[in-house]
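First up is the structure itself, then whatever we jot down about it.
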Amino acid sequence: MTTTPQTRTLGSTGPQVSALGLGCMGMSALYGEADRAESIATIHAALEAGVTLLDTGDFYGMGHNELLIGEALRAAPAAHREQALTSVKFGALRDPDGGWSGYDGRPAAVRNFAAYSLQRLGTDHIDVYRIARVDPDVPIEETVGAIAELVEKGYVRHIGLSEVGAETIRRAAATAPITDLQIEYSLISRGIEDEILPTTRELGIAVTAYGVLSRGLISGHFTRDRQLAAGDFRAFSPRFQGENLQHNLDLVDALRKIAEQKGASVARIAIAWVLSRGEDIVPLVGARRRDRLAEALGALEVTLDAADLAAIEDAVPADAAAGDRYPAAQMAHLDSER
1 MTTTPQTRTL GSTGPQVSAL GLGCMGMSAL YGEADRAESI ATIHAALEAG VTLLDTGDFY
61 GMGHNELLIG EALRAAPAAH REQALTSVKF GALRDPDGGW SGYDGRPAAV RNFAAYSLQR
121 LGTDHIDVYR IARVDPDVPI EETVGAIAEL VEKGYVRHIG LSEVGAETIR RAAATAPITD
181 LQIEYSLISR GIEDEILPTT RELGIAVTAY GVLSRGLISG HFTRDRQLAA GDFRAFSPRF
241 QGENLQHNLD LVDALRKIAE QKGASVARIA IAWVLSRGED IVPLVGARRR DRLAEALGAL
301 EVTLDAADLA AIEDAVPADA AAGDRYPAAQ MAHLDSER
């Protein structure tokens with residue numbers, strides 16, 4: 001698999017990375033069963049195509065995802081392994097039943113989480129480290145300060161943030177240099193445009209955008225009668241429910257007409273739109289298979305001119321989506337939504 005190499009820089013203090021990153025969560029959790037061999041083959045294909053940024057969380061499959069990435073990197077050619085950068089989220093508390101019980105951002109917990117991630121990944125450092133959600137009982141300054149200590153010791157290269165609002169971004173950036181903010185951003189999730197994106201740009205912080213296909217909803221592959229597999233969290237997502245789903249797929253149908261005129265897939269148009277929003281934005285694509293990866297990488301070859309962008313805005317206006325992006329209980333954990 002070959003593509004035209006494209007790179008972007010994570011903020012004013014961060015590394016140069018591929019213009020698209022690979023989000024690895026679905027290889028271990030939340031979308032039903034995944035094929036381990038195909039997952040590893042997909043990581044290898046991504047590295048071969050020039051993708052350098054691999055995103056994970058230590059709680060994806062309770063460590064499974066980090067172990068998977070570690071295995072894939074060990075089996076990859078040395079040149080590919082050396083170019084790979086790991087972006088890791090921590091802090092989520094799980095139980096053996098797969099439940100969630102909050103977040104822990106205490107400095108001692110930060111050090112503990114990092115020690116286990118380094119072991120599972122089989123590496124001596126993490127390239128970008130971030131708490132997945134703000135711990136409401138721990139000031140962000142303490143959590144970021146603990147990561148900064150890991151940077152000083154060489155265990156972490158750069159500090160990131162995840163799903164935080166403008167005020168928290170400023171507080172974090174006043175504590176230590178912040179490389180990027182990881183947050184959902186897509187045609188149907190545009191809340192960051194009002195305050196968050198202007199703040200990151202003012203402070204020289206990049207955005208690594210996840211959910212660029214809204215968990216497959218705007219990929220062009222999700223059908224109206226699809227039955228979700230056991231363990232697929234989309235079964236509880238408001239945007240995938242009843243009338244919300246039908247409304248949102250109507251938006252996809254409108255987007256499909258534009259994609260057909262451009263000779264591209266719906267997924268490529270949706271990813272290309274996120275790429276067009278600025279050189280400081282790096283979309284993360286959650287491909288679990290090589291064919292889906294190839295489709296996503298094809299977005300790098302799509303050029304959207306002013307007329308294309310206007311047509312996309314007409315087809316899928318801001319705030320056009322029906323339903324919140326998470327169930328209410330999870331929305332409550334989002335500092336970015338306050």
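Quick note: the sequence shown uses the UniProt record's numbering, first residue 1, plus one each step.
Note that CB positions come from ideal geometry on N, CA and C, so glycine has one too.
Give the straight-line distance between the Cα atoms of alanine 230 and glycine 98, rounded to the nearest whole angstrom.
-> Start at 1 with the first residue of the sequence shown, and residue 230 comes out as number 230. Start at 1 with the first residue of the sequence shown, and residue 98 comes out as number 98. Here the alpha carbon of alanine 230 sits roughly 13 Å from the alpha carbon of glycine 98.
Where does valine 110 sit, in a helix, a strand or coil, going by DSSP?
-> On the sequence shown, position 110 is the one that residue 110 refers to. Note: valine 110 maps to helix in three-state DSSP.
Would you check if there are 3 or more beta carbon pairs closer than 8 Å linking the segment 187–203 to the segment 159–176?
-> Verdict: yes, contact present.
Taking all protein chains shown into account, decide if asparagine 112 is buried (16 or more other Cβ within 10 angstroms of its Cβ) or exposed.
-> Taking the sequence shown and counting its residues from 1, one reaches residue 112 at position 112. Residue environment: asparagine 112 is assigned as exposed (fewer than 16 neighbouring CB atoms within 10 Å of its CB, all protein chains considered).
Beta strand (DSSP E) containing threonine 56: first to last residue?
-> By 1-based counting over the sequence shown, the position of residue 56 is 56. Start and end: 53–57.
Can you give, in chain order, each stretch of the beta strand (DSSP E) that sits fully within the segment 53–132 and has at least 3 residues?
-> The DSSP assignment places 53–57, 85–90, 92–94, 100–103, 126–131 as complete runs of the beta strand (DSSP E) inside the segment 53–132, in order along the chain (cut-off: 3 residues).
Does the count of Cβ pairs from the segment 296–309 and the segment 64–76 closer than 8 Å reach three?
-> Too few Cβ pairs lie closer than 8 Å, so no.
Grouping DSSP H, G and I as helix and E and B as strand, with all else coil, what is valine 151?
-> By 1-based counting over the sequence shown, the position of residue 151 is 151. Three-state DSSP puts valine 151 in a helix.
Mapping DSSP to helix, strand and coil, what is proline 327?
-> In the sequence shown, counting from the first residue as 1, residue 327 sits at position 327. It is coil, neither helix nor strand.
Decide if the segment 232–252 is in contact with the segment 200–208; the criterion is three or more beta carbon pairs, one per stretch, under 8 Å apart.
-> No: fewer than three Cβ pairs fall under 8 Å.
Any idea if leucine 251 is buried or exposed, counting beta-carbon neighbours within 10 angstroms, 16 or more meaning buried?
-> Within the sequence shown, numbered from 1, the residue matching residue 251 stands at position 251. With 16 or more neighbouring CB atoms inside 10 Å of its own CB, leucine 251 falls in the buried class.
Name the one or two DSSP bridge partners that tyrosine 210 has.
-> Walking along the sequence shown from the start, residue 210 turns up at place 210. Looking at the DSSP assignment, tyrosine 210 forms a beta bridge with Glu184.
What are the boundary residues of the beta strand (DSSP E) that isoleucine 281 is part of?
-> Taking the sequence shown and counting its residues from 1, one reaches residue 281 at position 281. Element bounds for isoleucine 281: 281–285.
Which residue from Ala329, Gln16, Tyr155 puts its Cα closest to that of tryptophan 100?
-> For the purposes of this step, residue 100 is taken as the residue at position 100 of the sequence shown. Among Ala329, Gln16, Tyr155, the Cα nearest to that of tryptophan 100 is on Ala329.
Below 8 Å, can you find three or more Cβ-Cβ pairs linking the segment 315–333 to the segment 36–51?
-> By the Cβ test, the segment 315–333 is not in contact with the segment 36–51, since fewer than three Cβ pairs between them sit closer than 8 Å.
Does the beta-carbon distance from threonine 179 to glutamate 141 come in below 7 Å?
-> By 1-based counting over the sequence shown, the position of residue 179 is 179. By 1-based counting over the sequence shown, the position of residue 141 is 141. Contact flag unset, no.
Any idea if residue 344 is buried or exposed, counting beta-carbon neighbours within 10 angstroms, 16 or more meaning buried?
-> Because the chain spans 1 through 338 in this model, residue 344 falls outside it and cannot be assessed.
Would you please state the rounded distance, in angstroms, between the beta carbons of leucine 293 and threonine 86? I believe it to be under 8 Å.
-> Working through the sequence shown from its first residue, we reach residue 293 at position 293. Working through the sequence shown from its first residue, we reach residue 86 at position 86. That belief does not hold up - the Cβ atoms of leucine 293 and threonine 86 are roughly 18 Å apart, past 8 Å.
Which one of His44, Tyr60, Gln83, Glu71 has the shortest CA to CA distance from threonine 7?
-> As a first step, residue 7 is located in the sequence shown; it is residue number 7 there, counting from the start. Threonine 7 has its Cα closest to that of Gln83, out of His44, Tyr60, Gln83, Glu71.
Output yes or no for whether 7 Å exceeds the beta carbon distance between alanine 45 and arginine 268.
-> As a position in the sequence shown, residue 45 is number 45, starting the count at 1. As a position in the sequence shown, residue 268 is number 268, starting the count at 1. At least 7 Å separates the beta-carbon of alanine 45 from that of arginine 268.
By a C-beta neighbour count over all protein chains shown, 10 Å radius and 16 as the cutoff for buried, is glycine 122 buried or exposed?
-> Numbered from its first residue, the sequence shown carries residue 122 at position 122. With fewer than 16 Cβ atoms within 10 Å of its Cβ, glycine 122 is classed as exposed.
Relative to the C-alpha of aspartate 253, which residue among Arg224, Ile192, Asp319 is closest?
-> Numbered from 1 along the sequence shown, position 253 holds the residue referred to as residue 253. Selected option, being the one with the closest Cα: Arg224.
In whole angstroms, what separates the C-alpha of methionine 1 from that of histidine 333?
-> Here the question's residue 1 lines up with position 1 in the sequence shown. Here the question's residue 333 lines up with position 333 in the sequence shown. Residue placement at methionine 1 cannot be trusted, given a pLDDT of 49 that sits under 50; what the coordinates show is reported in the next sentence. Note on geometry: alpha-carbon atoms of methionine 1 and histidine 333 lie some 39 Å from one another.
Assigned exposure category for threonine 3 - 16 Cβ within 10 Å defines buried = Against the sequence shown, residue 3 aligns to sequence position 3. Residue placement at threonine 3 is poorly supported in this model, since its pLDDT is 48, which falls under 50; the coordinates still yield a value, given next. Flag for threonine 3 reads buried.
Cβ neighbour criterion (16 or more within 10 Å) applied to glycine 14 = What you label residue 14 is simply residue 14 of the sequence shown in a count that begins at 1. By the neighbour-count rule (16 or more Cβ atoms within 10 Å), glycine 14 is buried.
For proline 283, count neighbouring Cβ atoms within 10 angstroms of its own Cβ and tell me buried if that reaches 16, exposed if not.
-> Counted from its first residue, the sequence shown places residue 283 at position 283. Flag for proline 283 reads buried.
For the beta strand (DSSP E) that glutamine 246 lies in, which residues bound it at each end?
-> On the sequence shown, position 246 is the one that residue 246 refers to. That residue, glutamine 246, is in no beta strand (DSSP E); its alpha helix (DSSP H) goes 242–262.
Among Arg81, Ala72, Tyr31, Ala37, which has the Cα closest to the Cα of glycine 61?
-> On the sequence shown, residue 61 is found 61 positions in, with the first residue counted as 1. If we check each option's Cα against that of glycine 61, Tyr31 comes out closest.
Going by C-alpha distance, which of Leu20, Ser18, Cys24 is nearest glycine 286?
-> Start at 1 with the first residue of the sequence shown, and residue 286 comes out as number 286. Checking every option, the nearest Cα to that of glycine 286 belongs to Cys24.
With C-beta atoms as the reference, is arginine 130 less than 7 Å away from glycine 63?
-> The count along the sequence shown starts at 1 and reaches residue 130 at position 130. The count along the sequence shown starts at 1 and reaches residue 63 at position 63. Going by C-beta atoms, arginine 130 is not nearer than 7 Å to glycine 63.
Where histidine 80 and aspartate 324 are concerned, what is the direct C-alpha to C-alpha distance, given to the nearest angstrom?
-> Within the sequence shown, the letter at position 80 stands for residue 80. Within the sequence shown, the letter at position 324 stands for residue 324. Near 38 Å, if we compare the C-alpha coordinates of aspartate 324 and histidine 80.
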